[in-house]
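Enquirer: This is the structure I want to talk about, given as structure tokens.
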Amino acid sequence: MQGRGSRAPRHTAQGAASRLLAPNVGSIAERLAEIRERACLSYRRAAGQPGEPHIVCVTKNQPLPRILEAIDAGATEIGENYLQEAIRKDVFALCESRGVTVRYIGRLQSNKYNAILRVFDAVDSAGPELLERLHGTQDRGAQRACTFLLEVNAGEESQKGGLTMPQIRELAAADAPWLYEISGLMVVVPLQATMQIRATIYQSVSVLFHELASDLGSSRVTLLSMGTSDDFELAIEHGSNMIRVGTGIFGPRSPSQV
1 MQGRGSRAPR
11 HTAQGAASRL
21 LAPNVGSIAE
31 RLAEIRERAC
41 LSYRRAAGQP
51 GEPHIVCVTK
61 NQPLPRILEA
71 IDAGATEIGE
81 NYLQEAIRKD
91 VFALCESRGV
101 TVRYIGRLQS
111 NKYNAILRVF
121 DAVDSAGPEL
131 LERLHGTQDR
141 GAQRACTFLL
151 EVNAGEESQK
161 GGLTMPQIRE
171 LAAADAPWLY
181 EISGLMVVVP
191 LQATMQIRAT
201 IYQSVSVLFH
211 ELASDLGSSR
221 VTLLSMGTSD
231 DFELAIEHGS
241 NMIRVGTGIF
251 GPRSPSQV
């Protein structure tokens, strides 16, 4: 996987969201291959060179056999929203045996911090409380997670976690020491946001990402997780180098699947 480092973003939104996935067509392997092909094409257009963004297969409510099918098709990273569901499905043993990274992408609860850090490889929805707790900790022997993305509440929605962009800039200006724990940003946009609004958000967050990379070190801050099944091409063309795709690979979720 190639990162984007501190490369300045390009934002050619035209046509990025014009092709909608047909999630009920083809196998998991075929849909993953299509996602990868389209993502690489968007990356090439945005970066001006060949490359592939990280593709996180969102496996919420997906049973283990379907997750295995994605891994057999080449998936190298999966994202789970709930600790107990991931434990119940036993995704950790499977992924460790296959060299697959398991990322936590759900809402964090302070009473589950330690358990999440012990079993997940990365936490993409990290916030100040967790990062402050980690910063300066000498003994991390029981901690497995080694990569942390700071969640950005780009729509400033009160019911969602994460920090707003102004809040992050204030913390960066104050040189909050725990910011040095992060490897990048994960962006959550409002569900009902139009593609035009998403493009504006993605461009704004991309600018913030490059500011942080400049302040904290471009070798440290390398990951910008933006874009999901219905807008990942738009996100990539605005600077994303990590996308989170569930429905586009597995089809519509059903709670009864797990």
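In full-length UniProt numbering, the protein residues as written are 1 to 258.
A virtual CB, placed ideally from N, CA and C, is assigned to each residue, including glycine.
1. Tell me the DSSP secondary structure of E211 in three-state form.
2. Nearest-angstrom Cα distance between A154 and M165?
3. Let's see if you can read the secondary structure: which residues bound the beta strand (DSSP E) around V100?
4. Taking Cβ to Cβ, would you say G162 is nearer than 7 Å to E170?
5. Quick one: what's got a C-beta closer than 6 Å to L117's C-beta in the same chain, skipping five residues either side?
6. DSSP three-state call for D72: helix, strand or coil?
7. Count the other C-beta atoms from every protein chain shown that fall within 10 angstroms of the C-beta of R98, then say buried if there are 16 or more, exposed otherwise.
8. Give me the residue from F209, T59, R38 with the minimum Cα distance to G51.
9. The alpha helix (DSSP H) spanning V188 covers which residue range?
10. Exposed or buried, what is L41 when buried is set at 16 or more other beta-carbons lying within 10 Å of its beta-carbon?
11. For T147, which beta-bridge partners are listed by DSSP?
12. Just the Cα atoms here: how many angstroms apart are Q14 and A86?
13. Give the range of the alpha helix (DSSP H) segment to which L234 is assigned.
14. By DSSP's criteria, G48 is part of a beta bridge. Which residues make up the other side?
15. Find the nearest neighbour of R31 within the set R103, A172, V188, C57, judged by alpha-carbon distance.
16. R244 bridges to which residues according to DSSP?
Expert: On the basis of the coordinates in this document:
1. Translated into the one-based positions of the sequence shown, residue 211 becomes position 211. In the structure shown, E211 sits in a helix (DSSP, three-state: H, G or I).
2. Your numbering for residue 154 matches position 154 in the sequence shown. Your numbering for residue 165 matches position 165 in the sequence shown. C-alpha separation (whole angstroms): 6 Å.
3. Within the sequence shown, numbered from 1, the residue matching residue 100 stands at position 100. V100 -> no beta strand (DSSP E), and no H or E assigned at all.
4. As a position in the sequence shown, residue 162 is number 162, starting the count at 1. As a position in the sequence shown, residue 170 is number 170, starting the count at 1. No, Cβ-Cβ distance for G162 and E170 is not below 7 Å.
5. Translated into the one-based positions of the sequence shown, residue 117 becomes position 117. Closer than 6 Å at Cβ, skipping near neighbours: Q143, A145.
6. What you label residue 72 is simply residue 72 of the sequence shown in a count that begins at 1. D72 falls in the helix class under three-state DSSP.
7. Residue numbering aside, residue 98 sits at position 98 when the sequence shown is read from its first letter. With fewer than 16 Cβ atoms within 10 Å of its Cβ, R98 is classed as exposed.
8. Position 51 of the sequence shown, counted from the first residue, corresponds to residue 51. Ranking F209, T59, R38 by Cα distance to G51 puts R38 first.
9. Your numbering for residue 188 matches position 188 in the sequence shown. Counting along the chain, V188 falls outside any alpha helix (DSSP H), though it belongs to the beta strand (DSSP E) covering 184-188.
10. Walking along the sequence shown from the start, residue 41 turns up at place 41. Exposed: under 16 other Cβ atoms inside 10 Å.
11. Here residue 147 corresponds to residue number 147 of the sequence shown, with the count starting at 1. The partner list for T147 (beta bridge, DSSP) reads A122.
12. Position 14 of the sequence shown, counting from 1, holds the residue named residue 14. Position 86 of the sequence shown, counting from 1, holds the residue named residue 86. The predicted position of Q14 is uncertain, since its pLDDT is 41 and thus under 50; a value taken from the coordinates is nonetheless stated next. Going from the Cα of Q14 to the Cα of A86 covers about 38 Å.
13. In the sequence shown, the residue the question calls residue 234 occupies position 234. That run of the alpha helix (DSSP H) goes 232-237.
14. If you number the sequence shown from 1, residue 48 lands on position 48. Partner(s): none; G48 has no beta bridge.
15. The count along the sequence shown starts at 1 and reaches residue 31 at position 31. With distances taken between Cα atoms, R31 lies closest to C57.
16. Locating residue 244 in the sequence shown gives position 244, counting from the first residue. V56.
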